[in-house]
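Everything below concerns the one structure shown next.
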Amino acid sequence: MSQETSEKDRLDTIFKLQQGLSDMMKLDRYPKDTEGRVSALCTAIMHEAVELQRTTNWKWWKTPVEFNEAEAREELIDIWHFVVQASLELKLTPDDILDEYKKKNEINRERQRTGY
Numbered sequence: 003m004s005q006e007t008s009e010k011d012r013l014d015t016i017f018k019l020q021q022g023l024s025d026m027m028k029l030d031r032y033p034k035d036t037e038g039r040v041s042a043l044c045t046a047i048m049h050e051a052v053e054l055q056r057t058t059n060w061k062w063w064k065t066p067v068e069f070n071e072a073e074a075r076e077e078l079i080d081i082w083h084f085v086v087q088a089s090l091e092l093k094l095t096p097d098d099i100l101d102e103y104k105k106k107n108e109i110n111r112e113r114q115r116t117g118y
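By the working numbering, the letter at position 85 of the sequence shown is numbered 87, and the numbering carries on one by one without gaps.
This is the structure we're talking about:
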């Protein structure tokens, strides 16, 4: 099995788990249209990103505390849940994500090569 196949299988598993969770949820307050759902998921992603940031010592005026990596990982996985759900809403498959990621990665690499 190639590394790419193995990675795809993992992403397929994540997508299936997220779809299963979504199917279990009571979604009466979830927006009915794709644009509204993606917008709501963007809001959730931003809030979870702030929760992740709060696990760090970003406040230079405060006495630092020990970094809680387990808490940071949990917040990052919360972000993953919403990113995967947004992917499902936009009908992106794991193959689509890999293809789009490769395209954007090459653009970003070219930008670095040319002093972007």
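Heads up, the beta-carbon is just placed ideally off N, CA and C, and yes, glycines get one too.
It should be emphasised that the depicted structure is a prediction, and the values quoted were computed from it without experimental measurement.
Residue range of the alpha helix (DSSP H) that R111 falls in?
-> P96 to R115
How about the stretch 54-65 and the stretch 84-93: do they share at least three Cβ pairs that are nearer than 8 Å?
-> A contact between stretches requires three or more CB pairs, one per stretch, nearer than 8 Å, and the stretch 54-65 fails this requirement with the stretch 84-93.
If A77 and E50 are in contact, beta carbons under 8 Å, what's the gap, nearest whole angstrom?
-> The sequence as given places Glu at residue 77; Ala does not occur at that position. With a Cβ gap of about 6 Å, E77 and E50 count as contacting.
Counted within 10 angstroms of its Cβ, other Cβ atoms place L29 as buried (16 or more) or exposed | Classification of L29: exposed, given that the 10 Å Cβ count is below 16.
Hey, quick one: how far does the alpha helix (DSSP H) through D80 stretch, first residue to last?
-> E71 to E91
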